[in-house]
Amino acid sequence: MTKIEHIGIAVSNLEKANSIYTKILGLEPYKKEIVDSEGVITSFFQTKNTKIELLQGLDENNAISKFIDKKGEGIHHIAFEVENIEKEIKRLKKLGFKIINETPKKGADNKLICFIHPKSAHHVLIELCQEIK
Ligand code: ZN
Numbered sequence: 010m011t012k013i014e015h016i017g018i019a020v021s022n023l024e025k026a027n028s029i030y031t032k033i034l035g036l037e038p039y040k041k042e043i044v045d046s047e048g049v050i051t052s053f054f055q056t057k058n059t060k061i062e063l064l065q066g067l068d069e070n071n072a073i074s075k076f077i078d079k080k081g082e083g084i085h086h087i088a089f090e091v092e093n094i095e096k097e098i099k100r101l102k103k104l105g106f107k108i109i110n111e112t113p114k115k116g117a118d119n120k121l122i123c124f125i126h127p128k129s130a131h132h133v134l135i136e137l138c139q140e141i142k
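Per our numbering, the very first residue in the sequence shown carries number 10; after that it's consecutive.
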C-alpha cells in the first residue's frame, strides 16, 4: 500500500453534499462520474495529499443506498492505493482476509478496485485501488 488514495463518504443527495464539501475544502469537485458497476454517482475533490469521494446511490439496490438505510450518511470506506492489485489480493487472501470481489473491477476515477470485507478489518470497509495505465 502506498498511501490513502481517497476517503469515500456516503451521501443521500450529491448536489447538497457537493456544496457542503466545496465550502469545507474551499475547492470544487474536479469530476462527477456515474459508476455503472456499482449503481452510484460520485464526485471527487482533490486535496493536497488525498481525495474525498462523495457517493450517492442511483436506486435502492446498491451498496450506498443500503449503507445509508442501515447506518445513515457518513464515512463509507477508506481507499488505499496499491501498485499491483492482483498481487495485493493474493497476499491478503493468504493472510486470511476476506476479499469481497477477488476479481478487481473498474471503479470510479480510472481505477481497478476491490474491497476487503469490513468483518476482516475492524468494521472498516477498505478499498484497494490501482490506477489504470
Ligand atoms: Zn472509493
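Here a beta-carbon is modelled for each residue, glycine too, at the ideal position from N, C-alpha and C. As the structure is a prediction and not an experimental result, all values here were calculated from the model.
Does the distance from the CB of residue i to the CB of residue j come in under 8 angstroms?
| i | j | result |
| --- | --- | --- |
| leucine 64 | glycine 116 | no |
| leucine 167 | isoleucine 84 | The structure shown has nothing for residue 167, since the chain only spans 10 to 142. |
| lysine 107 | serine 46 | no |
| glutamate 200 | alanine 88 | The chain is shown only over 10 to 142; residue 200 falls outside these bounds and no answer can be derived. |
| isoleucine 98 | cysteine 123 | yes |
| alanine 130 | phenylalanine 76 | no |
| threonine 59 | isoleucine 13 | yes |
| aspartate 118 | phenylalanine 53 | yes |
Does residue i pass the burial test, meaning 16 or more other C-beta atoms within 10 Å, or should it be called exposed?
| i | result |
| --- | --- |
| leucine 34 | exposed |
| histidine 86 | buried |
| histidine 126 | exposed |
| valine 49 | buried |
| valine 91 | buried |
| histidine 15 | buried |
| leucine 134 | buried |
| isoleucine 73 | buried |
Determine which residues share a DSSP beta bridge with residue i and list them.
| i | result |
| --- | --- |
| histidine 86 | Gly17 |
| threonine 51 | Glu42 and Leu64 |
| phenylalanine 106 | None, per the DSSP bridge assignment. |
| glutamate 136 | Ala88 and Phe124 |
| glycine 116 | Lys120 |
| lysine 12 | Glu90 |
Near the ligand ZN, which residues have their beta-carbon closer than 5 angstroms to a heavy atom? Around the ligand ZN, the residues whose beta-carbon falls short of 5 angstroms from at least one of its heavy atoms are Gly17, Glu62, Ala88 and Glu136, given in chain order.
Check whether the segment 54–74 touches the segment 24–31, counting contact only when three or more Cβ pairs, one atom from each stretch, lie closer than 8 angstroms. By the criterion of at least three beta-carbon pairs nearer than 8 angstroms, the segment 54–74 is in contact with the segment 24–31.
The segment 76–92 touching the segment 36–47, judged by at least three CB pairs closer than 8 angstroms: Contact between the segment 76–92 and the segment 36–47 is absent, because fewer than three Cβ pairs lie under 8 angstroms.
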